[in-house]
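Working notes, structure below.
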Amino acid sequence: MAITKAVLIVGGSGFVGTHLAIHLRERYKVFATYNENPVRIPGVTLLPVNLGNRNHLKRVVYTIRPEAVIYAAGSNDVDWAEANPREAESLHTSGAASVSNVAEIFQPKFIYLSNCYPFDGTRGNYHEGDTVLPVTALGKAKVGGENYIRGKALSYVIIRSSPLLARGNGIHLSFLDRLRMKLAARERIEVAESELHSFAAIDGLLEMIDRVLDSGLRNKTLHYGGRTKLSLYELSRLFAGRFGYDPELILAKKHTSGTTSNYELPRLDYSLNSTQTYEMLKIEPLLLEQSFDLIEKKLVARA
Ligand SMILES: NC(=O)c1ccc[n+]([C@@H]2O[C@H](COP(=O)([O-])OP(=O)(O)OC[C@H]3O[C@@H](n4cnc5c(N)ncnc54)[C@H](OP(=O)(O)O)[C@@H]3O)[C@@H](O)[C@H]2O)c1
């Protein structure tokens, strides 16, 4: 069957964007944008895009005439956003607004990829309807992007995803890639234990996006995360044990006040409750063990 529908992935050269492009290319004409890294993804058209240049953006979008736009540009790095709040705002809020504005004439389904940082982390197990109260620059930039899309896009789905488990694309390494390299070299690594997250395999997010694209679902905010909540430190030790590395190489990085008394700060809980997503889209949540199995399969396939 001829593939006629086009999907535009903004940030298609990134960790998440590359997984999306590879997954969707079987069913769609996939166009993926990059900023600095022109990765090569067979079967996918890579395009340089400057989000600040409206005319250029317009030419790209008018040429593609996308049925769906997935906004996956940005960074999930809280420290980077804290150090670069202006760039974070521009990427997560203004960039999404520009793409949505120029694409609106084609009325695409606009999928905006958000994360857990719109919440303040004091409670955890956040549902879609819970009040957002961002405390980080990344969280504020995400809320800005979410609000713009909710207010202006005619057909949108906002997906707030927990940190994703998968391999990177060789340029944008995932946390697990970096961890694996350290463990394989038998180097010690300090990993934060200050935040709890409902980490989840990227495969579940890809399945969720399939359902969103295939359904008439619109103007919704959905959460994606796993059933277990863990700190990055706990996740790393489990990963090491599962893949035959020495968990003792992983050390807990304490989160302290940085003041003279330097007391330990309370652990924050950014876990997302995804029950509504699983029920509404009829997908099965993946257990952590299953996520590791999926990563192992890909390691074997590429070995
Ligand atoms: N990683 C996760 O676990 C996770 C979880 C939840 C939500 N998300 C969200 O998913 C999005 C992508 O995350 P990621 O982990 O895939 O990040 P990533 O690997 O760092 O990829 C970032 C993407 O954004 C592009 N980009 C960066 N600066 C840009 C700019 N100024 N103009 C245009 N494009 C720019 C990059 O292009 P170049 O490579 O060409 O520079 C790349 O395609 C982020 O918004 C993040 O918050 C990620």
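In this text, residue positions in the sequence shown follow my numbering: the first is 3, and each later residue adds one. C-beta: ideal position from N, C-alpha, C; glycine also.
In terms of residue numbering, what span does the alpha helix (DSSP H) encompassing residue i cover?
i: T65; result: R56 to I66
i: S100; result: G97 to A105
i: I204; result: I204 to D216
i: H25; result: F17 to L26
i: R88; result: P87 to E91
i: R152; result: A139 to K154
Note the first and the last residue of the continuous beta strand (DSSP E) segment covering residue i.
i: R180; result: No beta strand (DSSP E) holds R180; the alpha helix (DSSP H) holding it covers F177 to A186.
i: L49; result: V46 to P50
i: Y73; result: A70 to Y73
i: S238; result: No beta strand (DSSP E) holds S238; the alpha helix (DSSP H) holding it covers L234 to R244.
i: L283; result: Where L283 is concerned, there is no enclosing beta strand (DSSP E), although the alpha helix (DSSP H) it sits in stretches over T277 to L283.
i: V159; result: Y158 to S163
i: Y36; result: K31 to Y36
i: Y114; result: K111 to S116
i: A4; result: Segment: none, A4 is in no beta strand (DSSP E) and carries neither H nor E.
Output needed for residue i: all residues of its chain with C-beta closer than 7 Å, excluding positions within five of it in sequence on either side, in chain order.
i: R304; result: The pLDDT assigned to R304 is 49, lower than 50, so where the model puts this residue is not dependable, and the model offers no usable value.
i: K300; result: R169
i: I43; result: T20, A23, I24 and A34
i: R29; result: I5
i: A8; result: Y30, K31, F33, I66, R67, P68 and E69
i: P87; result: A139
Just the C-alpha distance for residue i and residue j, rounded to the nearest angstrom, thanks.
i: D81; j: V62; result: 32 Å
i: V101; j: L59; result: 7 Å
i: N149; j: M183; result: 38 Å
i: E38; j: S92; result: 16 Å
i: G172; j: G16; result: 10 Å
i: E250; j: L167; result: 21 Å
i: E69; j: L219; result: 14 Å
i: K144; j: E84; result: 13 Å
i: F177; j: R56; result: 33 Å
i: V104; j: Y36; result: 18 Å
i: S157; j: D248; result: 48 Å
i: I252; j: A186; result: 12 Å
i: G76; j: F112; result: 16 Å
i: V134; j: G141; result: 9 Å
i: T261; j: P40; result: 43 Å
i: R190; j: Y272; result: 26 Å
Please confirm whether any heavy atom of ligand 1 lies closer than 7 Å to the CB of residue i.
i: Y371; result: Only positions 3 to 305 of the chain appear in the structure, and residue 371 is not among them; the question remains open.
i: L224; result: no
i: S77; result: yes
i: V46; result: no
i: A74; result: yes
i: V193; result: no
i: L166; result: yes
i: F17; result: yes
i: S102; result: no
i: H25; result: no
i: H94; result: yes
i: G14; result: yes
i: H129; result: no
i: V306; result: The shown model of the chain, from 3 to 305, leaves out residue 306, and the question about it has no answer.
i: V63; result: no
i: H58; result: no
i: L115; result: yes
i: V159; result: no
i: H174; result: yes
i: N275; result: no
i: V134; result: no
i: L234; result: no
i: S163; result: yes
i: G97; result: yes
Using a Cβ-Cβ cut-off of 8 Å (strictly less than) and excluding sequence neighbours within five positions of residue i, which residues of its own chain qualify?
i: T1; result: Nothing about residue 1 can be read from this structure; the chain reaches only from 3 to 305.
i: K255; result: E192, V193, A194, E195, S196 and Y235
Return the chain-ordered list of same chain residues with a C-beta closer than 6 Å to the C-beta of residue i, the five sequence neighbours on each side being excluded.
i: V12; result: T35, Y73, A75 and V101
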